Amino acid sequence: MNDQTLTPEERAANLKGMGCARKRVEDVRFTQGKGNYVDDIKLDGMLFGDFVRSPYAHARVVSVNKEAALALPGVIAVLTAEDLSPLGLHWMPTLAGDKQMVLADGKVLFQGQEVAFVVAEDRYIAADAVELVEVEYEELPVLTDPFEALKSDVVLREDLEGQTEGAHGPRKHHNHIFTWEQGDKDATEAVLAEADVVAEEMVYYHRTHPCPLETCGSVASMDKVTGKLTLYGTFQAPHAIRTVVSLISGLAEHNIRVISPDIGGGFGNKVGAYAGYVCSVVASIVTGKPVKWVEDRMENLMSTAFARDYWMQGKIAATKEGKITGLWCHTTADHGGFDACADPTKFPAGFMNICTGSYDIPTAYLAVDGVYTNKAPGGVAYRCSFRVTEAAYFIERMIEVLAIKLNMDAAELRRINFIKANQFPYQSALGWEYDSGDYHTAWDKALKAVDYDGLRADQAQRIEEFKAGKTRKLLGIGLTHFTEIVGAGPVKNCDILGLGMFDSCEIRIHPTGSAIARLGTISQGQGHATTFAQIIASEIGLPADDITLEEGDTDTAPYGLGTYGSRSTPVAGAATAMAARKIRAKAQMIAAYLLEVHDNDVEWDVDRFAVKGAPERFKTMKEIAFAAYNQAIPGLEPGLEAVSYYDPPNMTYPFGAYICVMEIDVDTGEWEVRQFYALDDCGTRINPMIIDGQVHGGVTEALAIAMGQEIAYDEMGNVKTGTLMDFFLPTAWETPNYITDYTVTPSPHHPIGAKGVGESPNVGGVPAFSNAVHDAFRPFGLVQSHMPHDHWRIWKIANGLGMHG
Amino acid sequence: MSKMHVKLTVNGKEVEGLAEPRTLLIHFLREDLKITGPHIGCETSHCGACTVDIDGKSVKSCTTFVAQVNGADITTVEGLVNDDGSLGVLQEMFREHHGLQCGFCTPGMITRAHRLLQENPNPTEEEIRFGMAGNLCRCTGYQNIVKAISASADMLNAQAPSSSEAVGQTEVEAAE
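These protein sequence lines are chains B and R, in that order.
Mapping to the numbering used here: the first sequence position 362 is 362, numbers consecutive.
Mapping to the numbering used here: the second sequence position 138 is 943, numbers consecutive.
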């Protein structure tokens with residue numbers, strides 16, 4: 001059975017391990033419609049919950065009359081803050097050290113805020129009953145502009161009145177949340193004062209929303225006999241949710257089982273805890289029946305998890321030759337009615353201090369002020385690691401603005417400022433240690449791949465033709481070189497609600513040589529069941545096809561902090577490799593025993609241990625697995641399994657070079673992506689097919705954000721983009737094809753050198769698209785224009801530049 | 806609310822049940838018939854996750870009353886599996902070309918692609934992109950979906966009509 005005729009390469013290929021474009025095991029279910037998402041869960045006697053939501057952005061709730069709703073046949077209960085308050089559940093803690101109303105407690109702070117929770121026999125009756133709940137409101141002045149909010153006498157958070165200290169230090173005003181400062185302010189200001197050139201600009205990254213195709217939902221089932229609560233939900237961090245539910249409900253943690261079933265996309269939307277989760281739990285406890293809550297699309301866009309909304313004032317200093325000497329940034333962060341940002345505790349503005357980007361900037365300063373407004377809470381990392389998209393957009397715009405000021409080519413300006421390969425590990429002015437990188441190689445490869453000089457020549461010719469009246473279309477070349485910071489994170493720096501951000505993997509080898517691995521993460525489309533099995537296959541020499549992956553059930557999986565911020569491969573992937581290595585270490589002892597040699601006299605060979613110098617004497621991993629369960633080996637326990645809780649020593653720093661070529665019609669504002677080239681360096685590549693898929697999807701989300709997607713409010717605080725009619729999700733029709741490419745610079749501290757890739761394309765894509773728009777108009781005097789660059793706004797740029805006669 | 810009697814053919818089987826006049830087809834399929842392949846993504850006809858095939862047309866079942874389609878012949882993604890339980894051509898090609906990630910849009914995508922290839926057995930890339938524009942995907946960026954549909958068209962066209970069931974069958978592997 002041990003085919004000695006196969007070469008080591010052939011045996012390695014049979015494992016379908018790392019580097020193999022292995023087809024996804026998940027797809028067999030998904031393509032047949034056999035996924036199991038939250039709304040597919042149906043339990044006996046299950047009730048359905050639905051919210052009464054505020055039509056006003058800021059109002060006092062004078063009264064809630066449930067009578068008519070309760071009189072409707074099939075309605076079981078209507079919960080309000082008054083009902084939750086004896087349980088202490090009318091407010092809940094946020095991930096950012098603030099608290100948030102579960103149901104309106106005297107007032108509402110954003111349109112769509114949850115006011116009452118109706119529980120009924122089915123979703124139709126619940127929807128009818130929502131209409132029958134009579135709420136009397138008294139409108140209050142609305143603040144939608146964070147700069148106005150910081151000046152206004154209107155107090156949004158009356159519950160915090162008089163509190164001059166928040167979770168992240170002093171509060172300067174009743175609508176102010178925190179100030180977060182990094183870097184050296186005085187030194188940076190001195191550099192700015194003495195610099196040859198200083199470019200200054202306000203860079204706004206607008207409010208948007210992750211909008212996964214599946215909305216958020218949960219099914220809570222309280223078993224009154226056993227006292228055990230089972231909570232199914234759209235949770236990107238099921239273990240953390242279990243702890244939070246335990247802390248706020250008072251239920252013992254061992255009596256709570258949280259299950260994340262299949263998740264229909266997350267992108268950050270499903271990291272936080274929402275009122276619907278809490279209400280489904282309370283309703284199940286109150287009624288003794290399972291209660292399902294699933295939000296509709298409008299509720300999803302209006303009330304859960306906005307992203308971005310950063311006003312970033314920047315100053316960048318350089319010599320007249322273009323060497324950057326300093327960077328200054330002040331950000332006004334609009335957090336909405338509650339500070340519910342999903343960031344590690346010590347980072348109220350996430351990793352915004354990665355805003356020096358890919359550049360060797362000796363001196364820098366960053367300050368972020370968080371502000372309350374009458375908008376939905378959230379501030380999640382929409383396909384990025386904790387505000388990295390904001391940071392990357394900021395620096396990549398500032399580079400372009402500086403290039404204009406210096407009258408330099410933006411590609412060359414980047415090149416002369418990149419951190420050099422020999423400077424890694426690189427200590428940034430804002431406090432990070434970049435693990436590895438080779439930016440010049442990536443940049444040169446990218447420019448060559450798109451024939452950058454040729455593109456600039458095309459553009460010059462197009463400008464001549466435009467000026468001569470021969471065309472109405474401009475050509476923009478959008479450049480980006482981004483550096484991410486992902487894989488949160490070292491427990492010493494990073495925690496969420498006091499939970500250190502390690503992650504975990506447990507592997508059990510079965511006697512017949514197959515295996516099950518359980519992780520603290522949860523896939524939402526990333527293909528963990530496929531790729532983590534590949535890591536194990538390469539590490540222990542069992543075929544990936546014989547390894548089952550399981551995530552998302554807190555009763556069976558080891559504790560972990562979940563999947564977001566591209567942390568699965570950097571953290572749980574490392575835990576997987578480490579657990580596999582523990583198994584291999586034990587396997588070595590078993591093999592040595594079986595081969596009757598000393599432990600050190602066998603060596604690892606793809607899928608077996610062989611006697612050194614006698615490769616024909618070996619034991620395969622499959623044989624070793626059986627022996628682990630069938631032989632009494634002196635000094636060794638039976639069985640073959642291991643668990644690893646991995647606390648990474650550092651973050652990983654994936655990077656990439658993206659180039660977008662865009663045609664823009666100055667009369668209609670319409671755009672067309674002519675070419676998009678994406679080079680990613682995510683370190684060791686586990687599955688190139690999945691990496692390409694992640695890049696395609698992430699760049700498409702970037703396309704959406706840069707070119708039209710936004711959560712917009714009117715001055716009354718009404719959400720203007722609450723349906724997919726108004727909220728831009730690109731279709732196959734306007735989405736271009738992408739060319740993907742790569743370099744490989746492994747992470748030096750990760751066991752397999754992998755860095756994570758899922759979010760790079762969003763981080764790099766947004767500035768690439770936006771810079772393409774700006775670049776098209778640069779020769780005509782445009783310096784900065786805010787996203788999203790929808791047709792109307794592009795038309796306005798052209799109009800403002802006098803292009804319409 | 807009084808209920809009406811509904812009779813449908815779904816994936817080749819005759820089914821019947823009681824439904825309120827306002828019951829949406831997606832809810833009847835998912836809640837009453839337990840056919841949970843079609844998903845609810847927007848409830849406004851935009852996303853296409855609920856797409857089913859009704860009497861030879863792609864229809865968004867989240868904005869169709871079951872009463873409107875009484876007596877109709879409906880196919881969902883569950884009905885596109887081969888008779889022996891193996892993946893159909895489109896299902897296999899979506900897997901082969903990594904045309905799905907989270908899987909939530911996939912049932913609607915594949916069901917729409919099935920009809921598209923009936924309408925146009927030799928679509929160009931542009932025709933595929935236009936023909937699929939009623940189905941949103943947040944994960945894939947469509948590039949591999951287009952590839953999967955194009956590959957399916959090639960495969961289906963290569964089949965002789967008489968041996969249509971033999972080609973494109975691949976053993977279904979155990980789900981993870």
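The beta carbon of each residue, even a glycine, is placed where N, CA and C say it ideally should be.
Note that the structure is a prediction, hence the values are computed from the model and not measured.
With the criterion set as a beta carbon lying under 7 Å from some beta carbon of chain R, the members of the stretch 724-753 of chain B are Leu724, Met725, Leu729, Thr731, Ala732, Trp733, Thr735, Asn737, Tyr738, in sequence order. Residues of the stretch 850-863 of chain R with a C-beta atom less than 7 Å from some C-beta of chain B are His851, Cys852, Ala854, listed in chain order. The stretch 514-522 of chain B makes contact with the stretch 549-566 of chain B: 3 or more CB pairs, one atom from each, lie closer than 8 Å. Annotation for proline 93 of chain B: the continuous beta strand (DSSP E) segment containing it runs 91-93. Ranked by Cα distance from asparagine 407 of chain B, the first of B:Ala199, B:Val611, B:Gly74, B:Ala193 is B:Ala199.
At a C-beta separation below 7 Å, threonine 945 of chain R has these neighbours in chain B: Gly693, His696, Gly697.
Counting the other Cβ atoms within 10 Å of the Cβ of arginine 827 of chain R gives fewer than 16, which makes it exposed.
Spanning the alpha carbons of glycine 288 of chain B and leucine 231 of chain B requires a straight line of approximately 14 Å.
Within the stretch 909-921 of chain R, the residues whose Cβ lies closer than 8 Å to any Cβ of chain B are, in chain order, Phe909, Cys910, Thr911, Pro912, Ile915. Lysine 23 of chain B has a beta carbon lying within less than 8 Å of a beta carbon in chain R.
Residue burial annotation: aspartate 860 of chain R is exposed, with fewer than 16 other C-beta atoms found within 10 angstroms of its C-beta.
Residue contact check for threonine 868 of chain R against chain B: no CB pair falls below 8 Å. Collapsing the DSSP output to three states places alanine 824 of chain R in a strand.
Inclusion of arginine 387 of chain B and phenylalanine 267 of chain B in the CB contact set at 8 Å is not warranted, their separation being larger than that value.
Threonine 234 of chain B sits away from valine 766 of chain B, with the two beta carbons spaced by 8 Å or more.
Inter-segment contact for the stretch 423-431 of chain B and the stretch 439-448 of chain B is absent: fewer than three beta-carbon pairs are separated by less than 8 Å. Within the stretch 207-274 of chain B, the complete beta strand (DSSP E) segments of 3 residues or longer fall at 217-223, 228-233, 256-259, listed in chain order.
Annotation: valine 611 of chain B to valine 744 of chain B spans about 34 Å, alpha carbon to alpha carbon. As the crow flies, the alpha-carbon of asparagine 940 of chain R is around 44 Å from that of glycine 431 of chain B.
Judged by beta-carbon spacing, glutamate 539 of chain B lies within the 8 Å limit of arginine 584 of chain B, meaning their Cβ atoms are closer than that value. Here serine 284 of chain B is buried, its C-beta having at least 16 other C-beta atoms within 10 Å.
For leucine 549 of chain B, the closest of B:Gln534, B:Gly541, B:Asp555 by C-alpha to C-alpha distance is B:Gln534. The closest CA to that of lysine 622 of chain B, considering only B:Ile664, B:Ser514, B:Asn300, is found on B:Ser514.
The beta carbon of proline 746 of chain B lies closer than 6 Å to those of Gly683, Thr684, Gly753 in the same chain, with the five residues before and after it left out. Between valine 203 of chain B and arginine 397 of chain B, the gap from beta carbon to beta carbon is short of 8 Å. Rounded to whole angstroms, the gap between the alpha carbons of glycine 913 of chain R and histidine 851 of chain R is 12 Å.
A residue is called buried once 16 or more other Cβ atoms fall within 10 Å of its Cβ, and asparagine 762 of chain B is buried on that count. Phenylalanine 482 of chain B sits away from alanine 349 of chain B, with the two beta carbons spaced by 8 Å or more.
Take glutamate 464 of chain B, set aside five residues on each side of it, and no residue of its chain has a beta-carbon closer than 8 Å to its own. Valine 294 of chain B sits in a strand when the DSSP states are folded into three classes. For glutamine 906 of chain R, the nearest beta carbon of chain B is closer than 8 Å to its own beta carbon. Comparing alpha carbon positions, the residue from B:Gln427, B:Ala376, B:Val368, B:Met352 closest to isoleucine 395 of chain B is B:Met352. Where glutamine 111 of chain B is concerned, there is no enclosing beta strand (DSSP E), because DSSP gives it neither an H nor an E.
For asparagine 687 of chain B, there is no enclosing alpha helix (DSSP H), since its DSSP letter is neither H nor E. By the Cβ neighbour-count rule, lysine 796 of chain B is exposed, with fewer than 16 other Cβ atoms within 10 Å of its own.
Contact annotation, glutamate 161 of chain B with histidine 173 of chain B: C-beta distance approximately 12 Å; criterion of less than 8 Å not satisfied.
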